[in-house]
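J.: Here it is, the structure in full.
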Amino acid sequence: MDLCVTIKGVSFLLQTGMGIFGNSVVLLAYANIICTEPKILPVDLILCHLAFANLMLLLTRCVPQTMTVFGLKDLLNDPGCKVVIYAYRITRALSVCITCMLSVFQAVTIAPAGPRLSRLKFALPSLVLPTFAGLWLLNMAICIAAPFFSMAPRNGTVPAFTLNLGFCHVDFRDYLSYVINGVAVSVRDFAFVALMLGSSGYILLLLHRHSHKVRGMRRSHGGGAETRAAKTVVTLVVLYVLFFGIDNVIWIYMLTVPKVSPVVADMRVFFSSCYASLSPYFIISSNKKVKAKIVCAAEQDQPSADNQESSER
1 MDLCVTIKGV SFLLQTGMGI FGNSVVLLAY ANIICTEPKI LPVDLILCHL AFANLMLLLT
61 RCVPQTMTVF GLKDLLNDPG CKVVIYAYRI TRALSVCITC MLSVFQAVTI APAGPRLSRL
121 KFALPSLVLP TFAGLWLLNM AICIAAPFFS MAPRNGTVPA FTLNLGFCHV DFRDYLSYVI
181 NGVAVSVRDF AFVALMLGSS GYILLLLHRH SHKVRGMRRS HGGGAETRAA KTVVTLVVLY
241 VLFFGIDNVI WIYMLTVPKV SPVVADMRVF FSSCYASLSP YFIISSNKKV KAKIVCAAEQ
301 DQPSADNQES SER
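The UniProt record's numbering numbers the first residue of the sequence shown as 1 and each following residue consecutively.
Structure representation (C-alpha coordinates):
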(Lines of atoms letter the chains of each structure in order from A and count residues from 1; the text may use other names and numbers.)
(Lines give C-alpha, C1' and ligand atoms only; values in the text may rest on other atoms or scores of the structure.)
Protein backbone atom coordinates (compact mmCIF):
# COMPACT_ATOMS: atom_id res chain seq x y z
CA MET A 1 0.00 0.00 0.00
CA ASP A 2 1.62 3.27 -1.10
CA LEU A 3 1.75 6.45 0.95
CA CYS A 4 -1.05 8.19 -0.98
CA VAL A 5 -3.48 5.32 -0.43
CA THR A 6 -2.50 5.11 3.24
CA ILE A 7 -3.11 8.83 3.82
CA LYS A 8 -6.43 8.63 1.99
CA GLY A 9 -7.50 5.55 3.94
CA VAL A 10 -6.55 6.98 7.33
CA SER A 11 -8.31 10.27 6.50
CA PHE A 12 -11.56 8.49 5.60
CA LEU A 13 -11.25 6.21 8.62
CA LEU A 14 -10.81 9.11 11.05
CA GLN A 15 -13.58 11.12 9.42
CA THR A 16 -15.99 8.17 9.45
CA GLY A 17 -15.17 7.08 13.00
CA MET A 18 -15.43 10.58 14.44
CA GLY A 19 -18.65 11.31 12.57
CA ILE A 20 -20.43 8.09 13.53
CA PHE A 21 -19.40 8.45 17.17
CA GLY A 22 -20.36 12.14 17.40
CA ASN A 23 -23.75 11.77 15.72
CA SER A 24 -24.54 8.65 17.78
CA VAL A 25 -23.79 10.55 21.01
CA VAL A 26 -26.05 13.44 19.93
CA LEU A 27 -28.87 11.02 19.03
CA LEU A 28 -28.60 9.19 22.36
CA ALA A 29 -28.59 12.49 24.25
CA TYR A 30 -31.69 13.71 22.42
CA ALA A 31 -33.42 10.34 22.89
CA ASN A 32 -32.93 10.82 26.62
CA ILE A 33 -34.18 14.41 26.43
CA ILE A 34 -37.30 13.39 24.48
CA CYS A 35 -38.09 10.61 27.00
CA THR A 36 -37.51 12.68 30.15
CA GLU A 37 -38.63 16.22 29.33
CA PRO A 38 -42.34 17.08 29.00
CA LYS A 39 -41.84 19.79 26.38
CA ILE A 40 -39.50 19.48 23.40
CA LEU A 41 -38.51 22.62 21.52
CA PRO A 42 -38.64 22.60 17.70
CA VAL A 43 -34.88 23.28 17.54
CA ASP A 44 -34.23 20.11 19.58
CA LEU A 45 -36.29 17.95 17.20
CA ILE A 46 -34.56 19.50 14.19
CA LEU A 47 -31.06 18.98 15.60
CA CYS A 48 -31.94 15.38 16.46
CA HIS A 49 -33.15 14.76 12.90
CA LEU A 50 -30.04 16.46 11.51
CA ALA A 51 -27.82 14.10 13.53
CA PHE A 52 -29.81 11.13 12.21
CA ALA A 53 -29.47 12.29 8.58
CA ASN A 54 -25.73 12.88 9.00
CA LEU A 55 -25.25 9.48 10.65
CA MET A 56 -27.02 7.73 7.76
CA LEU A 57 -24.97 9.75 5.26
CA LEU A 58 -21.74 8.51 6.86
CA LEU A 59 -22.94 4.90 7.04
CA THR A 60 -24.06 4.77 3.40
CA ARG A 61 -21.15 6.67 1.85
CA CYS A 62 -18.07 6.93 4.02
CA VAL A 63 -18.12 3.40 5.47
CA PRO A 64 -18.06 1.62 2.07
CA GLN A 65 -15.67 4.28 0.73
CA THR A 66 -13.24 3.60 3.59
CA MET A 67 -13.46 -0.17 3.06
CA THR A 68 -12.79 0.28 -0.66
CA VAL A 69 -9.76 2.49 -0.05
CA PHE A 70 -8.23 -0.25 2.11
CA GLY A 71 -8.57 -2.74 -0.73
CA LEU A 72 -11.84 -4.54 -0.01
CA LYS A 73 -13.61 -5.40 -3.27
CA ASP A 74 -17.02 -6.67 -4.34
CA LEU A 75 -18.72 -5.15 -1.30
CA LEU A 76 -22.12 -4.77 -2.98
CA ASN A 77 -24.03 -6.33 -5.85
CA ASP A 78 -26.32 -4.37 -8.18
CA PRO A 79 -29.36 -4.28 -5.81
CA GLY A 80 -27.10 -3.37 -2.91
CA CYS A 81 -25.59 -0.48 -4.88
CA LYS A 82 -29.03 0.81 -5.82
CA VAL A 83 -30.19 0.81 -2.18
CA VAL A 84 -27.00 2.35 -0.78
CA ILE A 85 -26.69 5.08 -3.44
CA TYR A 86 -30.39 5.98 -3.15
CA ALA A 87 -30.14 6.16 0.66
CA TYR A 88 -26.99 8.26 0.43
CA ARG A 89 -28.53 10.71 -2.04
CA ILE A 90 -31.59 11.16 0.18
CA THR A 91 -29.65 11.66 3.41
CA ARG A 92 -27.19 14.03 1.77
CA ALA A 93 -30.12 16.09 0.53
CA LEU A 94 -31.77 15.96 3.96
CA SER A 95 -28.60 17.31 5.54
CA VAL A 96 -28.84 20.57 3.57
CA CYS A 97 -32.64 20.75 3.83
CA ILE A 98 -32.74 20.25 7.60
CA THR A 99 -29.92 22.76 8.14
CA CYS A 100 -32.01 25.21 6.12
CA MET A 101 -35.11 24.29 8.12
CA LEU A 102 -33.18 24.90 11.35
CA SER A 103 -32.13 28.35 10.17
CA VAL A 104 -35.64 29.34 9.04
CA PHE A 105 -37.33 28.08 12.22
CA GLN A 106 -34.79 29.87 14.42
CA ALA A 107 -35.28 33.11 12.45
CA VAL A 108 -39.05 32.88 13.03
CA THR A 109 -38.51 32.07 16.72
CA ILE A 110 -36.43 35.16 17.49
CA ALA A 111 -38.21 37.54 15.09
CA PRO A 112 -40.16 40.39 16.74
CA ALA A 113 -43.74 39.32 17.34
CA GLY A 114 -46.48 40.77 15.14
CA PRO A 115 -50.13 39.85 14.53
CA ARG A 116 -49.39 37.29 11.81
CA LEU A 117 -45.99 36.20 13.13
CA SER A 118 -47.43 35.50 16.58
CA ARG A 119 -49.79 32.91 15.08
CA LEU A 120 -46.88 31.36 13.17
CA LYS A 121 -44.73 31.24 16.31
CA PHE A 122 -47.57 29.52 18.16
CA ALA A 123 -48.00 26.96 15.35
CA LEU A 124 -44.26 26.33 14.94
CA PRO A 125 -44.02 23.15 17.10
CA SER A 126 -46.89 21.54 15.19
CA LEU A 127 -45.18 22.28 11.84
CA VAL A 128 -41.97 20.37 12.59
CA LEU A 129 -43.15 16.81 11.83
CA PRO A 130 -45.13 17.77 8.66
CA THR A 131 -42.05 19.64 7.41
CA PHE A 132 -39.91 16.55 8.02
CA ALA A 133 -42.40 14.43 6.05
CA GLY A 134 -42.46 16.97 3.20
CA LEU A 135 -38.65 17.08 2.97
CA TRP A 136 -38.43 13.29 2.91
CA LEU A 137 -41.02 13.03 0.12
CA LEU A 138 -39.41 15.86 -1.87
CA ASN A 139 -35.94 14.34 -1.79
CA MET A 140 -37.16 10.79 -2.40
CA ALA A 141 -38.81 12.11 -5.57
CA ILE A 142 -35.78 14.14 -6.72
CA CYS A 143 -33.37 11.25 -6.10
CA ILE A 144 -35.58 8.57 -7.65
CA ALA A 145 -33.35 8.32 -10.74
CA ALA A 146 -30.27 7.33 -8.71
CA PRO A 147 -31.12 3.60 -8.39
CA PHE A 148 -31.63 3.26 -12.16
CA PHE A 149 -28.05 4.41 -12.87
CA SER A 150 -26.34 2.56 -9.99
CA MET A 151 -24.60 -0.79 -10.39
CA ALA A 152 -21.77 -2.87 -8.99
CA PRO A 153 -18.33 -2.27 -10.56
CA ARG A 154 -17.65 -4.22 -13.74
CA ASN A 155 -14.29 -5.58 -14.85
CA GLY A 156 -12.61 -3.53 -17.54
CA THR A 157 -12.60 0.17 -18.33
CA VAL A 158 -15.05 2.60 -16.77
CA PRO A 159 -17.44 4.01 -19.40
CA ALA A 160 -17.69 7.74 -20.05
CA PHE A 161 -20.12 9.78 -17.93
CA THR A 162 -19.75 7.30 -15.06
CA LEU A 163 -19.08 8.27 -11.46
CA ASN A 164 -16.62 5.70 -10.16
CA LEU A 165 -17.31 5.51 -6.43
CA GLY A 166 -15.05 2.53 -5.97
CA PHE A 167 -17.62 0.25 -4.36
CA CYS A 168 -20.30 1.19 -6.95
CA HIS A 169 -20.58 2.85 -10.35
CA VAL A 170 -23.19 5.43 -11.29
CA ASP A 171 -23.45 5.11 -15.08
CA PHE A 172 -25.47 7.92 -16.69
CA ARG A 173 -24.99 6.36 -20.15
CA ASP A 174 -25.02 9.69 -21.99
CA TYR A 175 -24.04 13.32 -21.49
CA LEU A 176 -27.65 14.57 -21.33
CA SER A 177 -28.57 12.29 -18.42
CA TYR A 178 -25.32 13.21 -16.69
CA VAL A 179 -25.97 16.95 -16.95
CA ILE A 180 -29.71 16.76 -16.11
CA ASN A 181 -28.95 14.84 -12.93
CA GLY A 182 -26.20 17.27 -11.95
CA VAL A 183 -28.34 20.34 -12.65
CA ALA A 184 -31.35 18.95 -10.71
CA VAL A 185 -29.22 18.23 -7.65
CA SER A 186 -27.40 21.57 -7.86
CA VAL A 187 -30.60 23.62 -8.27
CA ARG A 188 -32.15 21.97 -5.21
CA ASP A 189 -29.00 22.46 -3.13
CA PHE A 190 -28.46 26.06 -4.17
CA ALA A 191 -32.12 26.91 -3.50
CA PHE A 192 -31.94 25.62 0.07
CA VAL A 193 -28.51 27.18 0.66
CA ALA A 194 -29.80 30.55 -0.56
CA LEU A 195 -32.78 30.25 1.80
CA MET A 196 -30.56 29.33 4.76
CA LEU A 197 -28.19 32.20 3.99
CA GLY A 198 -31.10 34.64 3.85
CA SER A 199 -32.56 33.46 7.16
CA SER A 200 -29.11 33.40 8.78
CA GLY A 201 -28.48 36.95 7.60
CA TYR A 202 -31.80 37.96 9.19
CA ILE A 203 -30.76 36.21 12.43
CA LEU A 204 -27.47 38.13 12.47
CA LEU A 205 -29.34 41.40 11.93
CA LEU A 206 -31.67 40.63 14.85
CA LEU A 207 -28.74 39.67 17.07
CA HIS A 208 -26.99 42.92 16.19
CA ARG A 209 -30.08 44.93 17.13
CA HIS A 210 -30.55 42.90 20.28
CA SER A 211 -26.96 43.49 21.40
CA HIS A 212 -27.54 47.26 21.25
CA LYS A 213 -30.80 47.06 23.20
CA VAL A 214 -29.48 44.92 26.04
CA ARG A 215 -25.98 46.34 26.28
CA GLY A 216 -25.64 46.71 30.02
CA MET A 217 -28.54 44.29 30.71
CA ARG A 218 -27.06 40.84 30.62
CA ARG A 219 -30.34 39.10 31.37
CA SER A 220 -33.58 39.45 29.52
CA HIS A 221 -36.65 37.23 29.51
CA GLY A 222 -35.32 34.13 27.73
CA GLY A 223 -33.18 36.26 25.48
CA GLY A 224 -29.95 34.58 26.57
CA ALA A 225 -31.07 31.09 25.58
CA GLU A 226 -32.53 32.30 22.28
CA THR A 227 -29.34 34.20 21.49
CA ARG A 228 -27.17 31.15 22.15
CA ALA A 229 -29.43 28.98 20.00
CA ALA A 230 -29.35 31.55 17.20
CA LYS A 231 -25.55 31.73 17.28
CA THR A 232 -25.38 27.93 17.14
CA VAL A 233 -27.63 27.89 14.08
CA VAL A 234 -25.63 30.60 12.28
CA THR A 235 -22.36 28.76 12.95
CA LEU A 236 -23.81 25.48 11.63
CA VAL A 237 -24.93 27.32 8.48
CA VAL A 238 -21.48 28.86 7.98
CA LEU A 239 -19.90 25.42 8.47
CA TYR A 240 -22.24 23.87 5.93
CA VAL A 241 -21.79 26.63 3.34
CA LEU A 242 -17.99 26.35 3.60
CA PHE A 243 -17.94 22.64 2.75
CA PHE A 244 -20.86 23.02 0.34
CA GLY A 245 -18.81 25.52 -1.64
CA ILE A 246 -15.81 23.19 -1.90
CA ASP A 247 -18.08 20.25 -2.75
CA ASN A 248 -19.84 22.10 -5.56
CA VAL A 249 -16.67 23.51 -7.09
CA ILE A 250 -15.50 19.91 -7.49
CA TRP A 251 -18.98 18.82 -8.68
CA ILE A 252 -19.10 21.51 -11.38
CA TYR A 253 -15.67 20.40 -12.56
CA MET A 254 -16.91 16.78 -12.68
CA LEU A 255 -19.83 17.84 -14.89
CA THR A 256 -17.41 19.28 -17.46
CA VAL A 257 -15.37 16.10 -18.04
CA PRO A 258 -16.56 12.80 -19.56
CA LYS A 259 -14.41 10.63 -17.27
CA VAL A 260 -13.85 11.57 -13.63
CA SER A 261 -10.62 10.60 -11.90
CA PRO A 262 -11.13 8.46 -8.74
CA VAL A 263 -8.90 10.93 -6.85
CA VAL A 264 -11.27 13.80 -7.70
CA ALA A 265 -14.30 11.71 -6.71
CA ASP A 266 -12.61 10.83 -3.38
CA MET A 267 -11.86 14.50 -2.69
CA ARG A 268 -15.50 15.40 -3.27
CA VAL A 269 -16.68 12.62 -0.95
CA PHE A 270 -14.29 13.73 1.77
CA PHE A 271 -15.25 17.42 1.70
CA SER A 272 -18.98 16.73 1.28
CA SER A 273 -18.85 14.51 4.38
CA CYS A 274 -16.90 16.95 6.58
CA TYR A 275 -20.07 18.72 7.71
CA ALA A 276 -21.66 15.42 8.77
CA SER A 277 -18.54 14.53 10.77
CA LEU A 278 -17.88 17.90 12.44
CA SER A 279 -21.38 19.28 13.11
CA PRO A 280 -22.22 16.90 16.02
CA TYR A 281 -19.19 18.10 17.98
CA PHE A 282 -20.26 21.70 17.56
CA ILE A 283 -23.77 20.75 18.71
CA ILE A 284 -22.31 19.02 21.78
CA SER A 285 -20.09 21.99 22.66
CA SER A 286 -22.75 24.67 22.15
CA ASN A 287 -26.00 22.97 23.27
CA LYS A 288 -26.40 22.98 27.05
CA LYS A 289 -29.05 20.23 27.07
CA VAL A 290 -26.92 17.79 25.10
CA LYS A 291 -23.79 18.63 27.08
CA ALA A 292 -25.65 18.17 30.38
CA LYS A 293 -26.91 14.72 29.37
CA ILE A 294 -23.42 13.61 28.33
CA VAL A 295 -21.87 14.93 31.57
CA CYS A 296 -24.62 13.25 33.59
CA ALA A 297 -24.03 9.91 31.83
CA ALA A 298 -20.28 10.20 32.39
CA GLU A 299 -20.77 10.95 36.09
CA GLN A 300 -23.07 7.94 36.47
CA ASP A 301 -20.46 5.67 34.90
CA GLN A 302 -17.66 7.03 37.09
CA PRO A 303 -18.97 5.74 40.48
CA SER A 304 -19.58 2.26 39.07
CA ALA A 305 -16.02 2.21 37.71
CA ASP A 306 -14.69 3.37 41.07
CA ASN A 307 -16.70 0.72 42.94
CA GLN A 308 -15.41 -1.99 40.61
CA GLU A 309 -11.83 -0.81 41.13
CA SER A 310 -12.20 -0.75 44.94
CA SER A 311 -13.73 -4.26 44.98
CA GLU A 312 -10.80 -5.57 42.93
CA ARG A 313 -8.43 -4.19 45.53
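We put the beta carbon where it would ideally sit given N, CA and C, even for glycine.
Keep in mind the model is a prediction, meaning the values are calculated, not measured.
For T91, which of K8, I144, E37 has the nearest alpha-carbon?
T.: That would be I144, whose Cα lies nearest to the Cα of T91.
J.: Please classify T162: is it buried, with 16 or more other beta-carbons within 10 angstroms of its beta-carbon, or exposed?
T.: T162 should be labelled buried.
J.: Please classify T91: does DSSP put it in a helix, a strand, or coil?
T.: Helix.
J.: Could you tell me the distance, in whole angstroms, from the CA atom of M140 to the CA atom of C168?
T.: Those two C-alpha atoms are separated by around 20 Å.
J.: Give a yes or no on contact between the region 16 to 27 and the region 241 to 253, applying the rule of three or more CB pairs nearer than 8 Å.
T.: With a cut-off of 8 Å, the region 241 to 253 and the region 16 to 27 do not count as touching, because too few Cβ pairs lie within range.
J.: DSSP on S150, reduced to helix/strand/coil?
T.: In the structure shown, S150 sits in a strand (DSSP, three-state: E or B).
J.: Confirm, please, whether the CB-CB distance from L165 to A265 is below 9 Å.
T.: Yes, they are a contact pair.
J.: Around the Cβ of H49, are there at least 16 other Cβ atoms within 10 angstroms (buried) or fewer (exposed)?
T.: Buried.
J.: Which parts of the region 119 to 184 are runs of the beta strand (DSSP E), unbroken and 3 residues or longer, counting only runs that do not cross its ends?
T.: Complete beta strand (DSSP E) runs here, min 3: 162 to 164, 169 to 171.
J.: Determine contact between the region 128 to 142 and the region 226 to 246, defined as no fewer than three beta-carbon pairs at a distance below 8 Å.
T.: No: fewer than three Cβ pairs fall under 8 Å.
J.: Ignore the nearest five residues each way along the sequence and tell me which others in F282's own chain have a CB closer than 8 Å to its CB.
T.: Result list for F282: T232, T235, L236, L239, in chain order.
J.: Which residues bound the alpha helix (DSSP H) around N23?
T.: Its alpha helix (DSSP H) spans residues 3 to 36.
J.: Any contact between the region 62 to 75 and the region 36 to 48? By contact I mean 3 or more CB pairs, one from each, below 8 Å.
T.: Segments in contact, no.
J.: Whole-angstrom Cβ separation of V84 and L94, contact assumed at under 8 Å?
T.: Actually they are not in contact, since the Cβ atoms of V84 and L94 sit about 16 Å apart, beyond 8 Å.
J.: What's the gap between the Cα of A87 and the Cα of M56?
T.: Cα to Cα, the separation comes out at about 8 Å.
J.: What's the C-alpha gap between L206 and A111?
T.: Roughly 7 Å between the two C-alpha positions.
J.: What residue range does the alpha helix (DSSP H) around S261 cover?
T.: No alpha helix (DSSP H) contains S261, which DSSP labels as neither H nor E.
J.: I believe I33 touches Q106 by the beta-carbon criterion, under 8 Å. Please report the beta-carbon distance rounded to the nearest angstrom.
T.: Actually they do not touch by this definition, with Cβ atoms about 18 Å apart.
J.: Figure out for me which residue from V5, D74, I40 has the closest Cα to the Cα of N155.
T.: When only C-alpha atoms are compared, the closest one is D74.
J.: Do you know how far the Cα of L197 is from the Cα of L242?
T.: Going from the Cα of L242 to the Cα of L197 covers about 12 Å.
J.: Please report the distance separating the alpha-carbon of L278 from that of M18.
T.: Rounded to whole angstroms, L278 to M18 spans 8 Å at the Cα level.
J.: I'd like to know whether the C-beta atoms of A146 and V170 end up nearer to each other than 9 Å.
T.: Yes, Cβ-Cβ distance for A146 and V170 is below 9 Å.
J.: Look up K291 in the DSSP assignment and say whether it is helix, strand or coil.
T.: Helix.
J.: Kindly list the residues whose CB is nearer than 6 Å to the CB of A113, restricted to its own chain and excluding five residues on each side of it in sequence; keep chain order.
T.: Counting only Cβ-Cβ distances below 6 Å, and skipping sequence neighbours, we find nothing.
J.: In whole angstroms, give me the CA-to-CA distance for A51 and F172.
T.: A51 and F172: Cα-Cα distance of roughly 31 Å.
J.: Hey, quick one: how far does the alpha helix (DSSP H) through T68 stretch, first residue to last?
T.: Element bounds for T68: 63 to 69.
J.: So the candidates are K259, P153, V104, N181; which of them puts its Cα closest to the Cα of S200?
T.: That would be V104, whose Cα lies nearest to the Cα of S200.
J.: When the Cα atoms are used, what is the spatial distance from C35 to R209?
T.: Distance between the alpha carbons of C35 and R209: 37 Å.
J.: From S272 to V128, what distance separates their C-alpha atoms?
T.: Each residue's alpha carbon lies about 26 Å from the other.
J.: Classify S150 as buried or exposed, calling it buried when 16 or more other Cβ atoms lie within 10 Å of its own Cβ.
T.: Result: buried.
J.: A51 by DSSP, collapsed to three states: which one?
T.: A51 falls in the helix class under three-state DSSP.
J.: When you compare each of E37, T109, L195, P153 to V290 by their alpha carbons, which one comes out closest?
T.: Checking every option, the nearest Cα to that of V290 belongs to E37.
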